[in-house]
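These notes are about the structure you will find just below.
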Amino acid sequence: MSHIKDHFQLLTLVMHAQYDHYEAIANHSRKTWMSRKHDDARAYFYQGEQNLEDHKLEGDRIVLNCEDYYNKISSQFVSTIKMLEAFEFSLKHFDFKFLLRTSNSSYINQSALVEFTNSLPTEFAYGGLVNMRKGYAY
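Going left to right, the sequence shown walks through residues 48 to 185 as the numbering used here numbers them.
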């Protein structure tokens, strides 16, 4: 897959999975916040699919060659691997300044977020919660 050539400010990656209820949520996002396009923002769902030759971009979906299932034992590990694969794909194929990784239950105001990122330093900016255990965020 070749690089996507246009440059934009904000790339939003939305965690997704191959289950009907996730697709219903994705369709709701497409009809609401994703339908409000911004010239300086792009949003893509990302999901895993085993036994692919390579990662691929299908419309608003990044399909990664990795596992995509959930159970109590492995969900955090699989989600982390899938997220890292999505980051790697994005760095190879998109030209962006800021990246937002979110879940499919979030509503994103892309215009406000692009405006906010314009006020951030471009050298390094991080915001968010890395992990939470027993009520402590770190």
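Think of the CB as a built atom: it goes at the ideal place given N, C-alpha and C, for glycine as much as any other residue. Quick caveat: nothing in here was measured; it's all calculated off a predicted structure.
Range covered by the alpha helix (DSSP H) that runs through residue i
{"i": "F163", "result": "Q157 to T164"}
Residue range of the unbroken beta strand (DSSP E) whose run includes residue i
{"i": "T149", "result": "D142 to T149"}
Residues that DSSP places opposite residue i in a beta bridge
{"i": "F55", "result": "F143"}
Selection from the options that minimises the alpha carbon distance to residue i
{"i": "S152", "options": "K129, A64, K144 and H140", "result": "A64"}
{"i": "S126", "options": "S150, L160 and F145", "result": "S150"}
{"i": "Y154", "options": "F145, A73, D107 and Y93", "result": "A73"}
{"i": "M62", "options": "I128, E170, R83 and H140", "result": "I128"}
{"i": "T59", "options": "E170, T169, F171 and F141", "result": "F141"}
{"i": "G95", "options": "E105, D115 and R83", "result": "D115"}
{"i": "R148", "options": "Y173, T169 and E105", "result": "Y173"}
{"i": "E170", "options": "N156, Q157, Y91 and K144", "result": "K144"}
Worksheet item: Unbroken alpha helix (DSSP H) runs of length 4 or more, entirely within the segment 57-133: which are they?
Response: 67-78
Item to complete: Could you tell me whether the segment 98-107 touches the segment 161-172, where touching means 3 or more Cβ pairs closer than 8 Å?
Response: no
Discussion item. Does the contact criterion of 3 or more C-beta pairs under 8 Å hold for the segment 69-89 versus the segment 126-133?
Written reply: no
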